[in-house]
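Trainee: So that we are looking at the same thing, I have put the structure below in structure tokens.
There are 4 protein chains.
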Amino acid sequence: MNSNSYGEFFKITTFGESHGEGVGVVIDNCVAGLELSVDDIQFELNRRKPGQSKLSTMRDEADKAEILSGVFEGKTTGTPIAILVRNTNQRSKDYSDIKDLFRPGHADFTYFKKFGIRDYRGGGRSSARETIGRVASGAVAKKILKKLSIDIFAYTIQIGNIKAENFNRDFIEENPVRTADENAYPLMEKAIMEAKMAQDSIGGVIEVCIKNVPVGIGEPVFDRLNARLAYGIMSIPAVKGIEFGAGFKAASMRGSENNDEITPDGFLSNNAGGTLGGISSGQDIVFRFAVKPTSSITIPKNTIDIHNQPQQIITKGRHDPCVAPRAVVIAEAMAALTLVDMIMIHNGRQII
Amino acid sequence: MNSNSYGEFFKITTFGESHGEGVGVVIDNCVAGLELSVDDIQFELNRRKPGQSKLSTMRDEADKAEILSGVFEGKTTGTPIAILVRNTNQRSKDYSDIKDLFRPGHADFTYFKKFGIRDYRGGGRSSARETIGRVASGAVAKKILKKLSIDIFAYTIQIGNIKAENFNRDFIEENPVRTADENAYPLMEKAIMEAKMAQDSIGGVIEVCIKNVPVGIGEPVFDRLNARLAYGIMSIPAVKGIEFGAGFKAASMRGSENNDEITPDGFLSNNAGGTLGGISSGQDIVFRFAVKPTSSITIPKNTIDIHNQPQQIITKGRHDPCVAPRAVVIAEAMAALTLVDMIMIHNGRQII
Amino acid sequence: MNSNSYGEFFKITTFGESHGEGVGVVIDNCVAGLELSVDDIQFELNRRKPGQSKLSTMRDEADKAEILSGVFEGKTTGTPIAILVRNTNQRSKDYSDIKDLFRPGHADFTYFKKFGIRDYRGGGRSSARETIGRVASGAVAKKILKKLSIDIFAYTIQIGNIKAENFNRDFIEENPVRTADENAYPLMEKAIMEAKMAQDSIGGVIEVCIKNVPVGIGEPVFDRLNARLAYGIMSIPAVKGIEFGAGFKAASMRGSENNDEITPDGFLSNNAGGTLGGISSGQDIVFRFAVKPTSSITIPKNTIDIHNQPQQIITKGRHDPCVAPRAVVIAEAMAALTLVDMIMIHNGRQII
Amino acid sequence: MNSNSYGEFFKITTFGESHGEGVGVVIDNCVAGLELSVDDIQFELNRRKPGQSKLSTMRDEADKAEILSGVFEGKTTGTPIAILVRNTNQRSKDYSDIKDLFRPGHADFTYFKKFGIRDYRGGGRSSARETIGRVASGAVAKKILKKLSIDIFAYTIQIGNIKAENFNRDFIEENPVRTADENAYPLMEKAIMEAKMAQDSIGGVIEVCIKNVPVGIGEPVFDRLNARLAYGIMSIPAVKGIEFGAGFKAASMRGSENNDEITPDGFLSNNAGGTLGGISSGQDIVFRFAVKPTSSITIPKNTIDIHNQPQQIITKGRHDPCVAPRAVVIAEAMAALTLVDMIMIHNGRQII
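Protein chains in written order, with the numbering used here: chain A, 4 to 355; chain B, 4 to 355; chain C, 4 to 355; chain D, 4 to 355.
What follows is the structure in structure tokens.
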């Protein structure tokens, strides 16, 4: 049973709520002898952090990581690495007037029904603050992957109806939308700001690319690399769909068009998205996922309260009008965690 | 480590290759006292079976199930249920001339690179015959769900560029495409037959609907019901993408449009696709997935052999021109297995 | 959840009942490219088989193994290896007159209470016939260990009050008690035959020795090598206790006596039993376990029936008067399975 | 893969080293709505704490627990409960002169060989301080079991050669040895003090009793209740053996003596130790385990350094001369964790 753990071999367990003492993660089965500092983790947390631009919530958490265990004299020891980020800038009172209401599009209703109790402050455990543990542990996974020359990066390819058409990798971290298209960027930013001005929010699509994955990673028949990536990405809040390579377009293709031909110098196309039979082929792993518009908006909506009475609600608090730019960082983390996990599993079997 | 197992609580382990002795499954942690006969299993296997119409391969396996254990006097005993289907109609010689070639779009290349060895007969383990174990165990899961009044059904909504626009549930099992749209059916059939005549194949999209799931099923933060379903569905051969509720369309929506409002009588829409925060909300669970066109086609294509020399290949054997109609049955099985698993997990915690 | 699976990486799932269609096992995550024939498996099954001497039950099952999957042209392919042994010599009618009675010392009572149903024929799933799956998969594990020069063997060191005091490894497989003490052997045999003549049964102790385990195997803090071995061995029917190295004697020792001193040439003693902190130290892994006297005896005993009414019972059927000689084979299998599992886990982490 | 996690359903993950920032635990899949305060946890930590009497080390850690997550307004929410205990009274310099030496009986050697790196301060992760996470989470498990009227308690039954012969439950927590025998207590205390005065240490045996376990708990064939308990108890540092019910004595018994007869009013004896076929029978679960004498002693001993050179060593630091009294508390925790886990698993299956 996984619940709050992810990974079979390289395994993380996240904990914490939006407005509790803090959020964090325990990483188990990390390699020993890896150089690891709190700065490695802080770097990725800062990329994820809210309040980086006008496109983001003003909740300005320091999000300061502390490594509690598993590192000695600057190196991992092979024992569990626990990382804690204290919550510091909570404004729980923002939530007191909605404590008996279920916010449309939020998990309030289902948490309450499932557990019979609900930490209403900022969504409690269902808050995207939980992803801090993912990003912190993802930073460790990325360090491992770097040693293996595996390179993961993600970027926004769609905001509302604006789609990216160009690709400049260097541009991604230079713009707050994290798109790789310099031309689309101002339009995407405008779409987000318009939604924000309208008290509303907007969705998007992110593409993830993983380079230099050795051939042979992924465990059929169930733990296909693509199935594990889908599982990890779909576990991120707000994600509504995922597709690999040609994706949904493959439905309208013929086999003669979709099959990637092979030559001694490599594949001639990548409709597969980097896996065949769930095992990496050595091509780039490429997938895309859609995020819904942020549920928290200040336009009044119909809902009910815990007594099943009809109510109107506007969701205050500090929220991004579009989650795509920060989902880029979270998706990279989930992809990195998945890759390290599957590489360890592949490696484990090679004992004779 | 899952590899050939699926499910954390209600757990299946499949085994077998396309042209070996047989294929099968072991189901662990099944409820005790469930009435179960081999006919329950055979019914679903027959729905999955090839050779049912001109749209399907002529490989006419009997696909006869045998229950080896776990059932006594017509009832499950709570011990492992092993089910075996012997392979009977293999024509391994179909494959002897491609035993050193990698078929484009197939898993030949990656299995060989991963394991250093490859059962080339009909794809070996990577064959869709493996899904017999899924469908057989899915039949057991469905029997359990029926006791809980939970209803799972799937249907083809797109073949090539032909999309379904109407819905008549009764029609699904009356046509070989398994579409619910009587008008689209002849067009879909035509699209498949045209591909077949052209020695080619074609893709499709399937929608799955699960009714009467009680509120509260799904274990955040990683074992969200939608994440688990995505994992299970993406583990089916040929699946290239999955989306829930509004899915990729949510990317171009605003929050005010996408959020499902709540009233004392229920939700006013179902853009979420039946889960909030990864937990079932009591609405229908609705998702769609895309299958690529069958990789096996008889149009010559470029490939390499195991010595990395360039070759031309046509993929003989007996293959469906479109996998969508049979993927309907497999998807229902994976959804049923996932549901039973997650319901047991939810139930397990309720001890005080 | 394990239930009928054992191992985290090299994982087996056993199935089958004493008087059903058969018993078997699925092995997942086996190495690829290992030469494996049905004879490798049959060899160990024959060692486990009943009816080998007058010390054993006369139930003369052929116990003929069939490999259903995972092996191609004499080598493992890395896919699941399913092994089936059909039941052939069942005499279910032996059990019909006790079908409503709970046999003292047997699992009848608890299976019935747990599952609400019970396959009363020969104990059903609780029969030691289930261990065929363990021994069959253990044969595969042993083949892998042999490639690593790891050597596992077990032998009876106590029957009733007769304790072995000498050790001659070559003698173990030459006597039906499987003791390594030529002097103790006739006394042990006599103790078993006396119990048998008295319609009774008798217990014993077995020692297991594992040589050439490399240093570093075992995953603290919970998956210590000794903890995993204890788990595996205690899961064998009839086992009542296990101890490592000095074992229970360590309770009456002082630290100065118990600590194994270290020299450049190795340890000066092995009170630890081959692990320190749960990790193999390179010394022999040595442990002992006790098996209770067989529960099935033909001396009349008090019991109840399923209606909670007092009854007298004698347990007919064909049973060994002492399980120790055959437990030797089962223990070797469980130790081999555990070792391969833990070696794969240790190996998996070594990716940088 | 478990490594630093224990439990399949009610799952804990411990982290932390003896002389790092702290030690702790994350509990996953706890019931929701359980009243839980930090005092519940502190109560058990105080029982485990060193420095409680002259029999124990003088390391006087405050061992102050902080609940970081999973509890809201005094009740568990069903989300992960993270508990942190900061290390405050480390004296790392005690260890600087042995940082290149391997202490006999310690895990220094194996950790160094396994991970290629070693936190030498107080044993790092292999320190018994790690068990704080077990005891803290065990306190939560005990609260759950109390709601189910299940009662777990342990007591010392042997120190060196002194064995308890009487049983007075009330006396257990009134004496620092935690024996239930008022007559044996002064002799046990004397044995410990004599070892301490001789710069030495001494071993012991602890018995654990679990009352009111409902019939039906435990999952054959591998996750037998006794196998899981053996796994959990053997994962505690210093434990060398475990036995259930008649235990090793069963080896010298006949079946007619060992089988527990059944009457309408219950079993007439408990040689089984509370399980049949690995499933609880409703009788008391009774088992015993042996702890070796503390490895850390100040009598000089032979060892080697990391360059494989011969050395002499005395192990300073602050250590108990006998671990039995505190092992009582740790064993109760492991038993409680195991019980809750297995009860949840049993309960999970009951869905129809």
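Think of the CB as a built atom: it goes at the ideal place given N, C-alpha and C, for glycine as much as any other residue.
1. Report the option in Arg291/D, Leu271/D and Glu24/D whose CA atom is closest to the CA atom of Ala338/D.
2. Quick one: does Ile135/A have its CB under 7 Å from some CB of chain B?
3. By the criterion of Cβ-Cβ separation under 8 Å, what are the contact partners of Leu190/B in chain A?
4. DSSP on Ala167/A, reduced to helix/strand/coil?
5. Looking only at C-alpha atoms, which of Pro303/C, Pro313/C, Ala330/C and Ala194/C sits nearest to Arg132/C?
6. Look at Ala194/B and Ile162/B and say whether their C-beta atoms are less than 7 Å apart.
7. Quick one, which of Ile265/C, Gly10/C and Lys52/C has its alpha-carbon nearest Gly221/C's?
8. Which residues does DSSP list as the beta-bridge partners of Phe251/B?
9. Who are the Cβ neighbours of Lys102/D in its own chain at under 7 Å, not counting the five residues just before and after it?
10. Would you call the segment 285 to 301 of chain B and the segment 249 to 267 of chain A touching, i.e. three or more CB-CB distances under 8 Å?
11. Would a C-beta distance cut-off of 7 Å place Ala183/C and Arg172/C closer than the cut-off?
12. Strictly by DSSP, which residues pair up with Gly207/B?
13. I need the straight-line Cα distance from Ala249/A to Ile205/B, nearest angstrom please.
14. On the DSSP bridge assignment, give the partners of Leu279/C in chain order.
15. With distances taken between CB atoms, is the gap from Asp111/D to Phe118/D smaller than 7 Å?
16. Nearest chain C C-beta to Glu356/B closer than 7 Å, yes or no?
17. List the DSSP bridge partners of Asp154/A.
18. For a contact meaning CB atoms closer than 9 Å, what does Thr301/D contact in chain A?
19. Would you report the Cα separation of Val332/C and Lys145/C, rounded to the nearest angstrom?
20. Spatial neighbours of Leu271/B within its chain, please: C-beta separation below 6 Å, excluding the five flanking residues on both sides.
21. For the alpha helix (DSSP H) that Arg329/A lies in, which residues bound it at each end?
22. Hey, would you say Ala68/B sits closer than 7 Å to Ile86/B, going by beta carbons?
23. On a Cα-Cα basis, can you pick out the residue from Glu38/A, Lys199/A, Lys57/A and Thr17/A that is closest to Ser140/A?
24. Using the beta-carbon of each residue, which ones in chain C are nearer than 8 Å to Ser8/B?
25. Please report the residue range of the alpha helix (DSSP H) in which Ala233/A lies.
26. Is the closest heavy atom of the ligand FMN to the C-beta of Ser283/C under 6 Å?
27. Would you decide whether Ala336/D is buried or exposed? Buried here means 16 or more other CB atoms lie within 10 Å of its CB.
28. My understanding is that Ala65/A touches Ile209/A, with C-beta atoms under 8 Å, so please give their C-beta distance in whole angstroms.
29. Please list the partners that Gly221/C has in chain B, where partner means a Cβ-to-Cβ separation under 8 Å.
30. Should the segment 230 to 244 of chain C be called in touch with the segment 299 to 306 of chain C, which here means at least 3 C-beta pairs below 8 Å?
31. Quick check on the burial criterion: 16 or more other C-beta atoms within 10 angstroms. Buried or exposed for Ser6/A?
32. Counting only Cβ-Cβ distances shorter than 7 Å, please list the residues of the segment 330 to 351 of chain A near chain C, keeping chain order.
33. With distances taken Cα to Cα, identify the nearest neighbour of Asn274/D among Gly27/D, Thr79/D, Pro107/D and Gln286/D.
34. Which residue or residues does DSSP assign as beta-bridge partners of Thr182/A?
35. If distances are taken between C-alpha atoms only, which option among Ser59/A, Val29/A, Lys14/A and Asp154/A comes closest to Met200/A?
36. Along chain B, in chain order, which residues have C-beta atoms closer than 9 Å to that of Met237/D?
Mentor: With the given structure in hand:
1. Arg291/D
2. no
3. Chain A residues near Leu190/B: none, gap ~13 Å exceeds 8 Å.
4. coil
5. Ala330/C
6. yes
7. Gly10/C
8. DSSP, once it has assigned bridges, lists no residue as partnering Phe251/B.
9. Tyr123
10. yes
11. yes
12. Ile162/B and Val294/B
13. 13 Å
14. Ile282/C
15. no
16. Any answer about residue 356/B is impossible in this case: the structure gives chain B only from 4 up to 355.
17. Lys214/A
18. Going along chain A, no residue has its Cβ under 9 Å from Thr301/D, so there is no contact; the nearest lies around 26 Å.
19. 12 Å
20. Glu264
21. Ala327 to Gly351
22. yes
23. Thr17/A
24. Ser8, Lys14, Thr16 and Asp31
25. Leu228 to Met237
26. Ligands are entirely absent from the displayed structure, and the ligand FMN is therefore not among its contents.
27. buried
28. The pair is not a contact, with the Cβ atoms about 26 Å apart (cut-off 8 Å).
29. Ordered by position in chain B, no residue passes the 8 Å Cβ test against Gly221/C, which lies about 18 Å from the chain.
30. no
31. buried
32. Ile346, Met347, Ile348, Asn350 and Gly351
33. Gln286/D
34. Thr159/A
35. Ser59/A
36. Ordered by position in chain B, no residue passes the 9 Å Cβ test against Met237/D, which lies about 22 Å from the chain.
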